[in-house]
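Report on the structure given below.
2 protein chains.
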Amino acid sequence: MKKKILVDMDGVLANVYLPLIEGQYTNKGMIKVIDDLNGIEEYKAFPDLKKIVSSNNFFYHAPLMEDAIEGLKYLNDKYDLLIVSAATEFPGCINDKQMWLQKYFPFISYKQMIFCGKKDSVMGDIMIDDHPKNLDYFKGHRILFTQPHNINLKNESYSRVDNWREVMQIL
Amino acid sequence: MKKKILVDMDGVLANVYLPLIEGQYTNKGMIKVIDDLNGIEEYKAFPDLKKIVSSNNFFYHAPLMEDAIEGLKYLNDKYDLLIVSAATEFPGCINDKQMWLQKYFPFISYKQMIFCGKKDSVMGDIMIDDHPKNLDYFKGHRILFTQPHNINLKNESYSRVDNWREVMQIL
Numbered sequence: 003m004k005k006k007i008l009v010d011m012d013g014v015l016a017n018v019y020l021p022l023i024e025g026q027y028t029n030k031g032m033i034k035v036i037d038d039l040n041g042i043e044e045y046k047a048f049p050d051l052k053k054i055v056s057s058n059n060f061f062y063h064a065p066l067m068e069d070a071i072e073g074l075k076y077l078n079d080k081y082d083l084l085i086v087s088a089a090t091e092f093p094g095c096i097n098d099k100q101m102w103l104q105k106y107f108p109f110i111s112y113k114q115m116i117f118c119g120k121k122d123s124v125m126g127d128i129m130i131d132d133h134p135k136n137l138d139y140f141k142g143h144r145i146l147f148t149q150p151h152n153i154n155l156k157n158e159s160y161s162r163v164d165n166w167r168e169v170m171q172i173l
Numbered sequence: 003m004k005k006k007i008l009v010d011m012d013g014v015l016a017n018v019y020l021p022l023i024e025g026q027y028t029n030k031g032m033i034k035v036i037d038d039l040n041g042i043e044e045y046k047a048f049p050d051l052k053k054i055v056s057s058n059n060f061f062y063h064a065p066l067m068e069d070a071i072e073g074l075k076y077l078n079d080k081y082d083l084l085i086v087s088a089a090t091e092f093p094g095c096i097n098d099k100q101m102w103l104q105k106y107f108p109f110i111s112y113k114q115m116i117f118c119g120k121k122d123s124v125m126g127d128i129m130i131d132d133h134p135k136n137l138d139y140f141k142g143h144r145i146l147f148t149q150p151h152n153i154n155l156k157n158e159s160y161s162r163v164d165n166w167r168e169v170m171q172i173l
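Below, the structure written as structure tokens:
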């Protein structure tokens, strides 16, 4: 039986930093580079986060992380794969998230999607996520996907990957 | 620690038979009474089910099951409660489902909502559902909520409840 792997969306499949930077800073005539945001929690780095992600179909227009399609195909062949996205915090965004998945990952069935508020009730063997708040509740193999907010985090209970090439190397 | 209870939406909190009957039969000049549909799978009873639930914000306008608000309040006080709805089968409906929950059950937080394709990866101690396909994968206490499609089903691994009064009596 294949192992069950839970894969996060934002910050793992979807590059949310680029459109957040655009929404938060370019409108105010400022330009932030990613390095400025290293080690800073997303809600602090982007004080208008809730407003930004709740408008202009933010999640539907989010760009892909590099090699995410190839990486997810690889995992989908090898594992029992579920996409698990914390999505109910932003009411009205889930339809966009599902359409985004269907647009870029047509090989993922609707049966492989979970949109929730907290991930601690979802079972699996492996979890890939950029947020410690999700990984810390998980009993299986925890893989932290590097994003600016978690870049300084050291935790021996996680394996860290910087990109999808590394995901495919270790899994 | 409170036990975790998973509560289904359609056929448990939301009365979907009434608007399905309206969508399937009254448009064709026929009127079905609930008894005609006893023991018949939903997809057979409502051949246009997918089309009906995908239009006119079906899930947002679904009426409540009797005593559902009082029942869910009771469970929410006593248990660690999660709403778990198979929702991704009908793309575009999840926002409506979330708004429906917020409308009738404002005491339920976004953290207590899970919208998925299959429920077999969601952990809990008790599950209330009207579909054997969901209950059969569940390891805990299985409670079958009576709906016309399951009315003839006999399965000793389930407790059967006919309404929310009975839910409150046994839990």
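Residue numbers (this note's numbering), protein chains in the order written: chain A, 3 to 173; chain B, 3 to 173. The beta-carbon is built from N, C-alpha and C at its ideal position, and this holds for glycine as well. The model shown is predicted, which means the values in this text are computed figures rather than measured ones.
Annotation for B:Met170: no beta strand (DSSP E) segment contains it, though the alpha helix (DSSP H) segment containing it runs 166 to 172.
Per the Cβ contact rule, the region 163 to 170 of chain B is in contact with the region 69 to 87 of chain B (3 or more Cβ pairs under 8 angstroms). DSSP places B:His63 within a helical segment (H, G or I) once states are collapsed to three.
Neighbourhood of B:Lys113 in chain A, by CB distance below 7 angstroms: Gly119, Lys120, in chain order. Rounded to the nearest whole angstrom, the CA to CA distance from B:Tyr160 to B:Ile145 is 5 angstroms. Three or more pairs of CB atoms, one per stretch, sit closer than 8 angstroms, so the region 3 to 17 of chain A contacts the region 86 to 104 of chain A. Secondary structure note for A:Met101: its alpha helix (DSSP H) is the uninterrupted segment 96 to 106. Put simply, the region 81 to 101 of chain A touches the region 54 to 62 of chain A. At least three CB pairs are less than 8 angstroms apart.
Around the beta carbon of B:Met115, 16 or more other beta carbons lie within 10 angstroms, which makes this residue buried.
Within the same chain, Leu22, Gly25, Gln26, Phe48, Phe60 come within 7 angstroms of B:Ile54 by CB-CB distance, once the 5 residues on both sides are set aside. The beta-carbon of A:Pro93 is placed less than 7 angstroms from the nearest beta-carbon of chain B. For A:Ile54, the enclosing alpha helix (DSSP H) covers residues 51 to 55.
At a cut-off of 7 angstroms between beta carbons, B:Met125 contacts chain A.
Taking 7 angstroms as the cut-off, the Cβ atoms of B:Ile128 and B:Gly142 count as close. What B:Asn97 touches in chain A, judged by beta-carbon distance under 9 angstroms, is Pro93, Gly94, Cys95, Ile96, Asn97, Asp98, going in chain order.
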